[in-house]
Every structure is written in C-alpha cells, then in structure tokens.
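**Q**
2 protein chains.
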Amino acid sequence: MRARVSIRLRPDVLDPQGKAIGQALVTLGFSSVNNVRQGKLIELDVEASDVGSAEQQVQAMCEKLLANPVIEDYDIEIIA
Amino acid sequence: MRARVSIRLRPDVLDPQGKAIGQALVTLGFSSVNNVRQGKLIELDVEASDVGSAEQQVQAMCEKLLANPVIEDYDIEIIA
C-alpha cells in the first residue's frame with residue numbers, strides 16, 4: 172500500500188524557511204502572500220493486509236524516524 | 172484563502188534523500204518499506220476573491236519560484 176505522510180512544523184514553531192519563501196514571493200510581485208510554512212511530504216510503499224495495519228506501521232515510522240514530535244505534527248493518508 | 176502545494180520529484184528523477192530514509196527505516200526494522208520519495212509541502216495564505224483566482228496565483232508562484240518544473244511536479248489544493 173502507498174502511504175503519504177505530511178509533516179508540518181507546529182504552528183507555534185518559527186519557520187525561517189517559510190519566511191524566506193514568503194519574502195521571495197513578495198519580491199517577485201505576489202504581494203498578497205502571507206503566512207508561508209514549509210513542511211515535508213514523504214511517500215512510501217508498505218506491505219500490509221489492510222489500511223489499518225498500514226496506518227499503524229506508518230505511524231510507528233513517524234514516531235521513530237520521520238517526524239520530530241517535539242516540533243512537528245504529521246498526517247498519514249493511505250492513497251493506494 | 173489558504174493553499175497547500177505538494178511538490179514531488181518526477182518519477183524518473185533519482186531521489187537520494189528518499190533512498191536514505193528508506194534505508195534508515197529498514198535498519199530500524201521496517202523491512203517491508205519500499206520506494207520512499209521525499210517531497211516538499213508549502214502552505215500559504217493568498218488574497219483572492221474565488222478559488223479559481225487563488226489557484227491561478229499559486230500556479231504562477233509554483234512556476235516562478237516554488238517548484239522546478241524540469242524535475243518536479245506539483246499539485247495545488249485550496250484548503251480554506
């Protein structure tokens with residue numbers, strides 16, 4: 172099964188990379204842009220007999236490696 | 172309006188970062204993981220009167236700055 176993990180900085184964590192992107196967009200003329208945040212998108216195949224067990228495995232991966240739960244939130248979607 | 176842009180490397184482009192994540196997951200005991208790809212997730216607020224015009228603005232941002240169309244594909248979703 173193919174899983175998609177969206178990892179975002181928690182809202183109260185500063186995001187200098189997002190800020191830099193926002194400033195670059197304003198410089199390029201997109202003056203109405205605001206509150207830019209950059210996160211990570213990880214897609215992977217995992218062997219599982221059903222969606223629940225795939226989600227459980229991916230959640231374990233997020234907690235052990237993919238996300239830093241101190242500063243990041245994550246969502247898991249099973250897409251295929 | 173809040174937009175979410177998902178940026179992925181095109182399928183035929185090598186993704187060494189995804190490969191490293193995949194190997195680390197296998198080392199951690201997730202032996203059924205395969206085909207890991209890492210992309211970027213950018214969320215931003217844009218002023219627009221309707222969804223279509225918001226999408227159009229965000230698409231222009233992708234083409235000018237956010238994505239590299241030679242090696243990356245992107246999806247735009249208006250989420251709020």
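Chains as they are written, first to last, in our numbering: chain A, 172 to 251; chain B, 172 to 251.
Glycine residues also receive a C-beta, built at the ideal position from the N, C-alpha and C atoms.
1. Please state the DSSP three-state secondary structure of B:Leu-236.
2. Counting contacts by CB-CB distance shorter than 8 Å, is B:Asp-216 in contact with chain A?
3. Alpha carbon to alpha carbon, how far is A:Val-207 from A:Ala-238?
4. Quick one: what does DSSP say B:Ala-174 is sitting in, helix, strand or coil?
5. Looking only at C-alpha atoms, which of A:Asp-221, A:Glu-248, A:Val-197 sits nearest to A:Gln-230?
6. With respect to the beta strand (DSSP E) encompassing B:Ile-247, which residues constitute its N-terminal and C-terminal limits?
7. So which residues on chain B does A:Gly-210 lean against when the C-beta distance must stay under 8 Å?
8. Could you say which of A:Leu-212, A:Glu-218, A:Ile-250, A:Glu-226 lies nearest to A:Arg-179 if we only look at CA atoms?
9. Which one or two residues does DSSP pair with A:Leu-185 in a beta bridge?
**A** Answer, in terms of the structure:
1. The answer is helix: DSSP assigns B:Leu-236 an H, G or I state.
2. yes
3. Near 20 Å, if we compare the C-alpha coordinates of A:Ala-238 and A:Val-207.
4. strand
5. A:Glu-248
6. 243-249
7. Those within 8 Å of A:Gly-210 in chain B are Lys-211, Leu-212, Ile-213, Glu-214.
8. Out of A:Leu-212, A:Glu-218, A:Ile-250, A:Glu-226, A:Leu-212 has the C-alpha closest to the C-alpha of A:Arg-179.
9. The partner list for A:Leu-185 (beta bridge, DSSP) is empty, contrary to what the question assumes.
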